[in-house]
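Trainee: There's a structure below that I have some questions on.
Number of protein chains: 2
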Amino acid sequence: MTTTQTDPKVQQWTNLAQQLRVDSIRCTTAAGSGHPTSSMSAADLMAVLLTGYLHYDFDNPKNPNNDHLIFSKGHASPLLYSLYKAAGAISDEELMTLRKFGSRLEGHPTPALPWVDVATGSLGQGLPIGVGVALAGKYLDKLPYHIWVLLGDSEMAEGSQWEAFDHASYYKLDNLVGILDVNRLGQRGETMHGWHTEVYEARANAFGWNTIVIDGHNYEEIDRAFAQAAQPNGLPTLIIAKTIKGKGVSFLENKNGWHGKALNKEQEQQALQELDHVRSQTYPVQKPENRQPAPEPAKKPLELPKYDGKEEVATRKAYGDALQALGAANPDVIGLDGEVNNSTFAEEFAKAYPDRYFEQFIAEQQLVSAAVGMSVRHKIPFASTFAAFFTRAYDFIRMAAISRANIRLCGSHAGVSIGEDGPSQMALEDLAMMRAVFGSTVLYPCDANQTAQLVAQMADHNGIVYMRTTREKTAVIYGPGETFKVGGSKVVRQSDKDQVTVVAAGITLHEALKAYDQLKSQRITVRVIDAYSVKPIDADTLYAAAQQAGNKIVVVEDHWPEGGLGEAVLEAFTQRDGQLPQVVKLAVSSMPGSGTPAELMEEAGISAHHIVGAVQALVRGK
Amino acid sequence: MTTTQTDPKVQQWTNLAQQLRVDSIRCTTAAGSGHPTSSMSAADLMAVLLTGYLHYDFDNPKNPNNDHLIFSKGHASPLLYSLYKAAGAISDEELMTLRKFGSRLEGHPTPALPWVDVATGSLGQGLPIGVGVALAGKYLDKLPYHIWVLLGDSEMAEGSQWEAFDHASYYKLDNLVGILDVNRLGQRGETMHGWHTEVYEARANAFGWNTIVIDGHNYEEIDRAFAQAAQPNGLPTLIIAKTIKGKGVSFLENKNGWHGKALNKEQEQQALQELDHVRSQTYPVQKPENRQPAPEPAKKPLELPKYDGKEEVATRKAYGDALQALGAANPDVIGLDGEVNNSTFAEEFAKAYPDRYFEQFIAEQQLVSAAVGMSVRHKIPFASTFAAFFTRAYDFIRMAAISRANIRLCGSHAGVSIGEDGPSQMALEDLAMMRAVFGSTVLYPCDANQTAQLVAQMADHNGIVYMRTTREKTAVIYGPGETFKVGGSKVVRQSDKDQVTVVAAGITLHEALKAYDQLKSQRITVRVIDAYSVKPIDADTLYAAAQQAGNKIVVVEDHWPEGGLGEAVLEAFTQRDGQLPQVVKLAVSSMPGSGTPAELMEEAGISAHHIVGAVQALVRGK
């Protein structure tokens, strides 16, 4: 469908765009802060999108056929909220609550609003997440909805954008359209490439995208670009729109120094005069066709793998086994991995369910973003890589929590116990990183049956759920019938004469058990707690142990001393009245090199030998 | 200089390349693990580089004229170490210690070896760091050394690479040469683009680089490519070499399933037969010209800004003032910022010393990498952005610690107290993240004079030093003459009748002071400690306070409850004998939205009002 520049259409677009500009100014002036000029540059683009190309049922944001509109340049939230007003979704009164305490209209969009899929505001995230939604749309839902992502030019400097470009063309995501608002000006001056739209064009082409370069204030060009982009042709499309920041108001247009600044009342009056007047017209938005998502195979009862304990099994292997079992039971379970699925054992899922596995290659930002995108479409994504490499995506995990995304992450190869590969491959900060995520759950199993049970629970658990697995094979200490709940722990050794409690998890639990045997031969009895749920931690059991075993605790972890299991245990006691127990923390406190797992654990001070020493010292009352 | 394919040269290259392959196999077989095949694909490239183009004084790795050879594909460490042997820098005996406990030859390269600039092994980091070194070479040292970065094709999926490509051409870094080893095979199968060298060529060209596509096993093509790349021509160069993984051994060549696998003894024998025999020839490496780095202006006495306390000052502003002062005193101080220097106030430095300021745009991975590269050249880099956005670069910070880099990071806009912009812009995990970095220092000043003093100390402090600053203006509570040492704290209020200790830092210190006044009017006296040094924390002062003030502590912080100041305080007590005090933690425990700083601090439970309540409860003995 092409349009000719007939008066009524252009008039409608003009009216709407001016309304969007006026409203972007009004709500930021009322707030006393915000980004009117970054909104104004994209107003014409969004006016044409809303009235001609967006298919969205604002009364039913859960309609699976809805398009997805992601403002990656989240600071243009005034424009987004003004669009919602124009669509009749919010009132002018609510628009004027922008940035006020308690308002759904936050400084940057969040899913506090039902039409917002994901929080944005950390730049360079909308497109990688859009890739995730587009993967779900094309390959899982198999619905024709589009994903429209409004991009700023400043954020094209983020490497994550190019991960998204790479993946979108690799997976032929022709349901994905990027709309690049090249307004030339960043926060503190000109962007790297100014108005050189040919730079963006060449790059997007080189990354396998269709490109359409337009004047972002010429309605005919905009309309033609959207019409072309909306046609599936096997490739994602980037519309590169040359625009003017602050467009429409003489003293704002293309002026540096106006980023992130609201107009004062006097400036607002002058601007509204130039933009004609305040309007509150509502524009009909096309509803999507009412199709059903691709039918899924029925759910089946979950049959988890069982380990009889005759052989040692790495928890990373048990993760792979359990994920495959989960895949058999639940067609919503999706596998994602960062090109290491033969190490994380996600390859078992990949081989069994190739249609539900999406290789994310060595692009961890895209890996987590794809999971967030899958969560937008109510899938159950499990994303895995080496635990150390999730540090690459911390900003995405942080933002996923603000997005209220439901994603499951599994990090393998934790700690010095990986051995010879050396510190670059050792996660020694992942527990700290993942604990400090809002609403997160952090699990760290020590045995194959426990891993399987916890993987099953991850599927049903909301929020950001992280599991840390171990490279080395370890003994299977629990039976396949044992149950483990999130927030629980297991008292693995205890007596009524326990003198000290040893708290461990994962690989160190096995060291603690060795220490127990050695101490027992010295007539020192310790309680051993398997704190597999690092967050939430089982405060009740820890508290009881402290009360019953001399109020002395040794915590041992394959992690830096900061932010991990040791601090989680300490934290648990601050939630109780009374004084804290005496706590000795054993953690990795020097930089490891290469060596065998046993050598490195000994050097790090977290082996059985060190646990024995710490307990002896506590018992002696040192 | 071009070369013709004369026998002696080709023979030398062949001999050396075969030696490198043999040695890569031998040392990994001896280790029982490692990456021989990833080494073999690049052996011909490195043989020509070592003998013809690398200028390096192996006897004096600190020679400022040395080239820099960075193996971004750090898993090819066997090749790097074999090169060192060929250069006569290490013995065959040491080569055979690869991956053994205590060896300098770790699984992935680290600066435990004096010829290694930075640790690699987390992919996609060598090139962005190379950009940092190249910036120093071209604009600061003004020496003609080259930076050669060996890249793997798998790692081209990392977005950070494209940040580096973008910046290298923007800054016209013609001293930077990327050598892309396109061996087609990643860890678990083919890369996204296989042997399609034209894909890499188009992308690098679109990002403004020269490209030279060659057969990576054809010596003449390799030689010509290096000769061309070594000529400065205003642009960085990418040599794109089509290679064969496992090249030289029939049963390894281009075979999937051989990534990261050592040959067993039998396979080794077979391979060595095919590669002819073991050699231990030493090859002369050209030494660089003996030039002096560009002369720097003399150091001057540091004159820090002074604040008289008549006006409130944001600590971020004090950071900018102090950085500018530092710039005046020390010509080695370098400014870097992620396109927000008018928010972090790094703009003061940028305006005063434009020749020593390098804008890194919205590319936080590149931002931190540039700092690491500057550290390689012994500069004193200060890199700033919003504290929340350093999460984007956590993997780079983690690796910088393994690199023993000396970098200073300043994160502004910490916590809910930023107000209306909402959670995407609020750092609420930065203390946890930065504490859990090996050898890191974490500072969180509450006042302008304190900030200035601490910024001055950051310049002299080694390792990863992080400062958290506050968006809002706050009272100046210290005089300009007061001193603050890293690892210290300040007791801001105390008496001999203190009933509870309140520990705070940054914005919450001001809330604690308000709470002090309110409590005093209720005849409750509290000690108030300003824990501006979050790591290392001042355990002595905390311990004394607990002893003297009822063993009850309230810690209040503008951060998630996990991993921040509260846990740092708890951690301090585990380093002491005896039981811990009763600790109540006040931290941000619900997801904030937009609002005024006061509204959000009240909602988060970290305002003076909540401190008063917590102290009252402790005094009542709740």
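For the protein sequence lines, the chains are D and H, in the order given. Residue 1 is where the first sequence starts when you use our numbering, and the numbers rise one by one after that. Residue 623 is where the second sequence starts when you use our numbering, and the numbers rise one by one after that. C-beta atoms are modelled at their ideal positions from N, C-alpha and C, and glycine is treated no differently.
Closest to H/Ser1117 by C-alpha separation, out of H/Gln1144, H/Gly1227, H/Val1148 and H/Thr1130, would be which residue?
Mentor: Nearest C-alpha to H/Ser1117: H/Val1148.
Trainee: Using DSSP's beta-bridge definition, name the partner residues of D/Ala504.
Mentor: For D/Ala504, which the question treats as bridged, DSSP gives the partners D/Asp530.
Trainee: Cβ closer than 7 Å: which chain H residues qualify as neighbours of D/Phe438?
Mentor: The contacting residues are Trp1182 and Met1213.
Trainee: Could you check if D/Ala76 is buried or exposed, using at least 16 other CB atoms within 10 Å of its CB as the buried criterion?
Mentor: So D/Ala76 counts as buried.
Trainee: Which same chain residues end up closer than 6 Å to H/His690 when comparing Cβ atoms and leaving out the 5 residues on each side of it in sequence?
Mentor: Asp739, Val755 and Ile769, listed in sequence order.
Trainee: Within a Cβ cutoff of 6 Å, which residues of the same chain sit near D/Gly564, ignoring the five residues on either side of it in sequence?
Mentor: Contacts found: Leu431, Ala432 and Glu557.
Trainee: Restricting to Cα atoms, I'd like to know which of D/Asp355, D/Val476, D/Leu150 and D/Asp215 is closest to D/Tyr139.
Mentor: Of D/Asp355, D/Val476, D/Leu150 and D/Asp215, the residue nearest in Cα terms is D/Asp355.
Trainee: Looking at chain D, which residues of the stretch 1201–1234 of chain H have a Cβ within less than 8 Å of any of its Cβ atoms?
Mentor: Going along the stretch 1201–1234 of chain H in chain order, one finds Gln1201, Leu1202, Pro1203, Gln1204, Val1205, Val1206, Lys1207, Met1213, Gly1215, Ser1216, Gly1217, Thr1218, Glu1221, Leu1222 and Glu1225 with a Cβ nearer than 8 Å to chain D.
Trainee: Going by C-alpha distance, which of D/Ser103, D/Ser39 and D/Gly124 is nearest D/Phe661?
Mentor: Because chain D is modelled from 1 through 622, residue 661 of chain D falls outside the range shown and cannot be assessed.
Trainee: If we ignore side chains and look at the alpha-carbon of each, how far apart do H/Ala992 and H/Val955 end up?
Mentor: Using only the alpha carbons, I get a separation of about 13 Å.
Trainee: Going by DSSP, what residues sit across from D/Met467 in a beta bridge?
Mentor: Bridge partners of D/Met467: D/Cys410 and D/Leu443.
Trainee: Helix, strand or coil for H/Gln627 per DSSP?
Mentor: Unreliable positioning characterises H/Gln627 in this predicted model, as indicated by a pLDDT of 49, which lies under 50. The coordinate reading is nonetheless provided below. Three-state DSSP puts H/Gln627 in coil, outside helix and strand.
Trainee: Using 8 Å as the limit for Cβ to Cβ distance, is D/Gln365 near chain H?
Mentor: For D/Gln365, the answer is yes, since a Cβ of chain H falls inside 8 Å of its Cβ.
Trainee: List the residues of chain D whose Cβ lies closer than 7 Å to the Cβ of H/Phe693, in chain order.
Mentor: Here the premise fails: no neighbours, minimum Cβ distance about 12 Å.
Trainee: Can you tell me whether H/Thr1105 is buried or exposed, with buried defined as 16 or more other CB within 10 angstroms of its CB?
Mentor: So H/Thr1105 counts as exposed.
Trainee: Considering only the alpha carbon of each residue, which of D/Glu364, D/Met192 and D/Phe207 lies closest to H/Ala1015?
Mentor: It is D/Glu364.
Trainee: Between H/Leu788 and H/Phe848, is the Cβ-Cβ spacing less than 8 Å?
Mentor: For clarity, residue 788 of chain H is Asp in the given sequence; the question names Leu instead. Taking 8 Å as the Cβ cut-off, H/Asp788 and H/Phe848 do not qualify as a contacting pair.
Trainee: Kindly confirm or deny that the stretch 1213–1226 of chain H and the stretch 1031–1044 of chain H touch, where touching means at least three C-beta pairs closer than 8 Å.
Mentor: Output reads yes: the stretch 1031–1044 of chain H touches the stretch 1213–1226 of chain H.
Trainee: Pull the bridge partners of D/Leu336 from the DSSP assignment, please.
Mentor: Looking at the DSSP assignment, D/Leu336 forms a beta bridge with D/Phe358 and D/Ala383.
Trainee: Using a Cβ-Cβ distance under 8 Å, would D/Thr110 count as near chain H?
Mentor: Yes, D/Thr110 counts as interfacial toward chain H.
Trainee: Give me, in chain order, the residues of the same chain whose beta-carbon lies closer than 8 Å to that of H/Ala972; leave out the 5 immediate sequence neighbours on both sides.
Mentor: Cβ neighbours of H/Ala972 beyond the five flanking positions: Gly957, Asp959, Asn963, Tyr979 and Glu981.
Trainee: Let me know the secondary structure DSSP gives H/Asp1120 once reduced to three states.
Mentor: Coil at H/Asp1120, not helix or strand.
Trainee: Is there at least one Cβ from chain D nearer than 8 Å to H/Leu1192's Cβ?
Mentor: Cβ-Cβ to chain D under 8 Å: yes for H/Leu1192.
Trainee: Assuming contact is defined by CB atoms lying nearer than 8 Å, are H/Asn637 and H/Arg901 in contact in what I supplied?
Mentor: Yes. Within cutoff.
Trainee: If we ignore side chains and look at the alpha-carbon of each, how far apart do H/Thr1130 and H/Met1048 end up?
Mentor: Going from the Cα of H/Thr1130 to the Cα of H/Met1048 covers about 15 Å.
Trainee: According to DSSP, is H/Lys760 helix, strand or coil?
Mentor: Residue state, collapsed to three classes: helix.
Trainee: When you compare the CB of D/Arg620 with every CB in chain H, is at least one pair closer than 8 Å?
Mentor: With 8 Å as the cut-off, D/Arg620 does not count as an interface residue toward chain H.
Trainee: Quick one: residues in its chain with C-beta nearer than 6 Å to the C-beta of H/Gly729, no 5 flanking neighbours on either side, listed in chain order?
Mentor: Arg721, listed in sequence order.
Trainee: Less than 8 Å separating the beta-carbons of D/Val465 and D/Arg408?
Mentor: Yes, the pair counts as a contact, with Cβ atoms nearer than the cut-off.
Trainee: Would you mind telling me which residues of chain D sit closer than 7 Å to H/Thr819, beta carbon to beta carbon, in chain order?
Mentor: The premise fails here: H/Thr819 is roughly 13 Å from chain D at the closest Cβ pair, so nothing lies under 7 Å.
Trainee: So, is the C-beta of H/Ala993 closer than 8 Å to a C-beta in chain D?
Mentor: No, because no Cβ of chain D sits closer than 8 Å to the Cβ of H/Ala993.
Trainee: Counting only beta-carbon separations shorter than 8 Å, does D/Lys265 have a partner in chain H?
Mentor: Taking Cβ atoms only, chain H never reaches closer than 8 Å to D/Lys265, which makes this a no.
Trainee: Pick helix, strand or coil for H/Lys1174, following the three-state DSSP scheme.
Mentor: In the structure shown, H/Lys1174 sits in a strand (DSSP, three-state: E or B).
Trainee: Check the Cβ of D/Met40 against every Cβ in chain H and list those closer than 9 Å, keeping chain order.
Mentor: The contacting residues do not exist; D/Met40 stays about 19 Å from chain H at best.
Trainee: In or out: H/Asn855 buried (at least 16 other Cβ within 10 Å) or exposed?
Mentor: With fewer than 16 Cβ atoms within 10 Å of its Cβ, H/Asn855 is classed as exposed.
Trainee: Could you spell out the range, first to last residue, of the alpha helix (DSSP H) harbouring D/Lys242?
Mentor: Note, D/Lys242: premise wrong, no alpha helix (DSSP H); beta strand (DSSP E) at Thr237 to Lys242.
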